[in-house]
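Residues 4 to 367 (my numbering) make up the sequence shown, in order.
First comes the structure, then the notes that go with it.
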Amino acid sequence: MKKNVLIIGNCNIYGGVGHMIKEYCERLYSDKIHFDILYYGDCERETEKYLRKINATYFHVPKYTKHPLQFLKYIKKLCKSKKYDLIHCHASTAMLLVYALPIKIINNTPIIYQSHDSGADKSAILHCFFRPFIKVFCTKYISVSWEAGIWMFNKSGINSEKHILLQNGIDSSAYLFNPKTRNNIRIQLNIGDKFIIGNVGRFEKQKNHKLIIDIFEKIHRLESQAVLLLIGQGSLKKKVQTLVKEKNLEDVVIFCDYKKNISDYYSAMDLFLFPSIHEGMGLVVVEAQLSGLPVVASYSVPKEAKVSESFYQFNLSDSLDLWVDKIMELKQIGRYTYSKELFEKSGYEINQSAEKLRKIYESI
């Protein structure tokens, strides 16, 4: 019997959560599992392509904070036309539960609530308000790390029988270092043999681009051949570009939109810098390590993200010099070789994670 699953969450494949939704949907879609997706954000063109591939419908629901009556009307109509066996919420805060509750109440649909973050840039008060309702209305809790679990479900939640730790999976074969693509990307970007410090992430407060720029400014004073490569999109991108110009770094900082071939860009880098303010997992950090990159990150990145010995963390309150000294030290050491076999033992292999999720679906 086919299980119909309604996913609620941002399925934009250029974001971390959306990318994971895509990976799971493509691997689990079959004659036994069907997916539809509901969210208040627009659906990107590339996202539409993969939704068509798995025969999924995207329901663009009105945002409840702006149009509460339209939202409720839309959900009520959906509940009459569609019946789901379970709802899977992919969330950064407890507020996303509001989109699942009417369906739960009308059709008594079980809810799986998955935490993808360990903090919030805003709306923390509303998060705390809605968090107790997760325990009341949700059948299972999933978190991508213990930190993400505590943020969403608190300690009693992650210690309950309802909680499951499910690390975000990665297709390891796609991220292994490739010297040919390294050379090709460096030719495209006209950066030759320069020392490339990279970051992949949305241009939002959480990703802490200001600190990245401040660290790089000091590094460039020590190493004139250093270049900063920033890959991503977001509401603060123009603000970060303005900061780069104010510091007269526009000739040595490269901005790129998110790339489909992101693994090629990892190969082109020499070091990955990731001083996030909060992270549920920080999957790009794992991808970077798989590519053989040394990583310098904040302690806001969960310890589960460490899958190599070339992973170093600092407090956000530490001096810039500490960050800079470690980066300059790692510059001398360079890349390392990371094997697919070693990665499979880490628990991040996507097929292992997808199989675990399939069993969770079957258990409900």
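Using N, Cα and C, we set each Cβ at its ideal position, and we do this for glycine too.
Would I401 and L129 be called neighbours here (beta carbons separated by less than 7 angstroms)?
Shown here, the chain extends from 4 to 367; a query on residue 401 therefore has no answer.
Other residues of its chain near I194: CB distance less than 7 angstroms, five sequence neighbours each side excluded
Walking along the sequence shown from the start, residue 194 turns up at place 191. These residues qualify, in order along the chain: V230.
Out of G18, K309 and E26, which one is the CA nearest neighbour of L369?
What the structure shows of the chain is the stretch from 4 to 367, and residue 369 is not part of that stretch, so it cannot be assessed.
Do I109 and C141 count as a contact pair if the criterion is CB distance below 7 angstroms?
The count along the sequence shown starts at 1 and reaches residue 141 at position 138. The count along the sequence shown starts at 1 and reaches residue 109 at position 106. Contact: no.
Sequence-distant residues of its chain with Cβ nearer than 7 angstroms to K262 (five each side left out)
Sequence index remark: in the sequence shown, residue 262 carries index 259 (1-based). Within the same chain, K262 has close Cβ partners I234 and Y268.
Cβ-based burial, V139 [other Cβ within 10 Å; buried from 16]:
Indexing the sequence shown from 1 puts residue 139 at position 136. Flag for V139 reads exposed.
Alpha carbon of F206 to alpha carbon of D34, nearest angstrom
In the sequence shown, residue 206 corresponds to position 203, counting from 1. In the sequence shown, residue 34 corresponds to position 31, counting from 1. Their backbone Cα atoms lie some 39 angstroms apart in a straight line.
Please name the residue or residues paired with N7 in a DSSP beta bridge.
For the purposes of this step, residue 7 is identified with residue 4 of the sequence shown, where counting begins at 1. Paired residue(s): H37.
Counting only runs of 3+ residues fully inside the region 70 to 115, write out the beta strand (DSSP E) ranges in chain order.
89 to 94
Leaving aside the five residues before and after A123 along the sequence, list all residues of the same chain whose C-beta is less than 8 angstroms from its C-beta, in chain order.
Counting from 1 along the sequence shown, the entry for residue 123 is found at position 120. Closer than 8 angstroms at the Cβ level, and outside the excluded window around A123, lie S95, T96, H130 and H281.
Nearest residue (CA-CA) to T310, options G295, N318, L323 and F317:
Counting from one through the sequence shown, the residue named residue 310 turns up at place 307. The question names Thr, but residue 310 in the sequence shown is Val. If we check each option's Cα against that of V310, G295 comes out closest.
Helix, strand or coil for C2? Go by DSSP, reduced to three states.
Here the chain comprises residues numbered 4 to 367, so residue 2 is not present and cannot be evaluated.
Are the CB atoms of L286 and N171 nearer to each other than 7 angstroms?
As a working mapping, residue 286 is identified with position 283 in the sequence shown. As a working mapping, residue 171 is identified with position 168 in the sequence shown. Result yes, Cβ atoms of L286 and N171 sit closer than 7 angstroms.
With DSSP as the reference, please indicate the residues paired to S118 in a beta bridge.
Locating residue 118 in the sequence shown gives position 115, counting from the first residue. A94 and S146.
Backbone CA spacing between F74 and I10 [nearest angstrom]:
In the sequence shown, counting from the first residue as 1, residue 74 sits at position 71. In the sequence shown, counting from the first residue as 1, residue 10 sits at position 7. Cα to Cα, the separation comes out at about 17 angstroms.
Excluding the five sequence neighbours on either side, which residues of its own chain have a C-beta within less than 7 angstroms of the C-beta of H22, listed in chain order?
Counting from 1 along the sequence shown, the entry for residue 22 is found at position 19. Closer than 7 angstroms at the Cβ level, and outside the excluded window around H22, lie I16.
Report the partner residues of F219 according to the DSSP bridge assignment.
Start at 1 with the first residue of the sequence shown, and residue 219 comes out as number 216. Answer is none; F219 lacks a bridge partner.
DSSP bridge partner residues for G201 (one or two, in chain order)
To locate residue 201, count along the sequence shown from 1; it is residue 198. Answer is L232 and F275.
Under a three-way DSSP split, which group does E352 fall into?
If you number the sequence shown from 1, residue 352 lands on position 349. In the structure shown, E352 sits in a strand (DSSP, three-state: E or B).
Please state whether the Cβ-Cβ distance between V6 and Y364 is less than 7 angstroms.
In the sequence shown, residue 6 corresponds to position 3, counting from 1. In the sequence shown, residue 364 corresponds to position 361, counting from 1. Here residue 6 turns out to be Lys, not Val, going by the sequence shown. The answer is yes: Cβ separation under 7 angstroms.
Relative to the C-alpha of D196, which candidate in R185, L252 and A177 has its C-alpha closest?
Walking along the sequence shown from the start, residue 196 turns up at place 193. Closest option to D196, Cα to Cα, is R185.
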